[in-house]
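In this note's numbering, the protein residues as written are 1138 to 1383.
By construction, the Cβ of each residue, glycine as well, lies at the ideal position given by its N, Cα and C atoms.
Treat the numbers as computed from the prediction; the structure is a model and nothing was measured.
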Ligand code: OAD
């Protein structure tokens, strides 16, 4: 594996990897693909639900119109994620905490797999499927421990604690990610189609600072030509061996 991958890693990246302190990793659905979580735009099972595209059923408008339907969709997705485990890409990123003094993991994923692999302080731009939140008082509950009945705080309905289309990101999440990106030396963009904003701004913010931006993805994305380096392949193959020889 190493010999297949090593030639694609530039001397610049090796040098940066060996010396960087501040590193940002932005992840998308592709980092969990090898765990068996379908991506959004890869034609997987989750791209359409009962004839509705995911951006319709996963929308703020749908929540207003039909909260039970939104729950049905997220219950289905939680069911799919019930048995999935972190893969070598999640584990490699968690291990980088020991390597880089300031590692910031920013994810668009709601599956919680970075945390399961041991990553701490993960910035979840799109929320977490294992949490519910009251529509009124915003109290959250952990769905791995509690059933989703009415809010115990105020009695109102609970909703999935995820960002739906047309909704704002969790307060402060993007700002923290942008701050880390603006001062990082290395920015890895792993398994995202880089089509959804504002998450897709993070690599540009990194580059505007002094960040060297590296994409890891088996496919080309709108970001590929902008990146300093593209490592074409699966995250679970590339990330675990990235720092082996530096
Ligand atoms: P996408 O489904 O748009 O893109 C997944 C990316 O992962 C694609 O570029 C694939 O080529 C790549 N990929 C697939 N397998 C991979 C692997 N083994 N290793 C590395 N990369 C791989 O998912 P996101 O970019 O995460 O938002 O989508 C962004 C947001 O769009 C999601 O967070 C979600 C969705 O709407 C909300 O729900 C708010």
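So who's on the other strand from residue 1325, going by DSSP bridges?
-> 1162, 1351
Would the beta-carbon of residue 1245 be found less than 7 Å away from any heavy atom of ligand 2?
-> Ligand 2 is not among the ligands present in this structure, which contains only ligand 1.
Mark residue 1202 as exposed unless 16 or more other C-beta atoms lie within 10 angstroms of its C-beta, in which case mark it buried.
-> exposed
Validate contact between the region 1151-1168 and the region 1326-1341 using beta carbons, cut 8 Å, 3 pairs = yes
Counting Cβ pairs, one atom from each stretch, are 3 or more of them under 8 Å apart for the region 1187-1207 and the region 1358-1377?
-> no
Would the beta-carbon of residue 1224 fall within 8 Å of that of residue 1373?
-> yes
In whole angstroms, what is the alpha-carbon distance linking residue 1205 and residue 1256?
-> 33 Å
Under 8 Å between C-beta atoms of residue 1339 and residue 1299 | no
State whether the region 1144-1156 contacts the region 1310-1318, with contact taken as three or more CB pairs (one from each stretch) at a distance under 8 Å.
-> no
Neighbourhood of residue 1241 by C-beta, 6 Å cutoff - its chain only, sequence neighbours within 5 removed = 1161, 1317
Uninterrupted alpha helix (DSSP H) stretches inside the region 1154-1229 (no shorter than 4 residues) | 1167-1170, 1191-1194, 1197-1202, 1204-1218
Under the three-state DSSP convention, the category residue 1332 falls into = coil
With a 10 Å radius around its C-beta and 16 neighbouring C-beta atoms as the bar for buried, classify residue 1297 as buried or exposed.
-> buried
Looking only at DSSP bridge pairs, what is residue 1239 linked to?
-> 1159
Thinking C-alpha only, which one of 1171, 1370, 1290, 1293 is nearest residue 1353?
-> 1370
Option nearest residue 1156 by Cα separation, candidates 1378, 1176, 1349, 1345 = 1349
Got a sec? Which residues, its chain only, sit under 6 Å from residue 1363 by beta carbon, not counting five neighbours each side?
-> none
Residue 1173 vs residue 1221 beta-carbon contact at 8 Å = yes
Is the closest heavy atom of ligand 1 to the C-beta of residue 1302 under 7 Å?
-> yes
From residue 1269 to residue 1323, what distance separates their C-alpha atoms?
-> 34 Å
When the distance is taken between beta carbons, is residue 1378 closer than 8 Å to residue 1365?
-> no
Residue 1368 versus residue 1278 - alpha carbon distance | 39 Å
With DSSP run on the structure shown, which of helix, strand or coil describes residue 1377?
-> helix
With DSSP as the reference, label residue 1285 as helix, strand or coil.
-> coil
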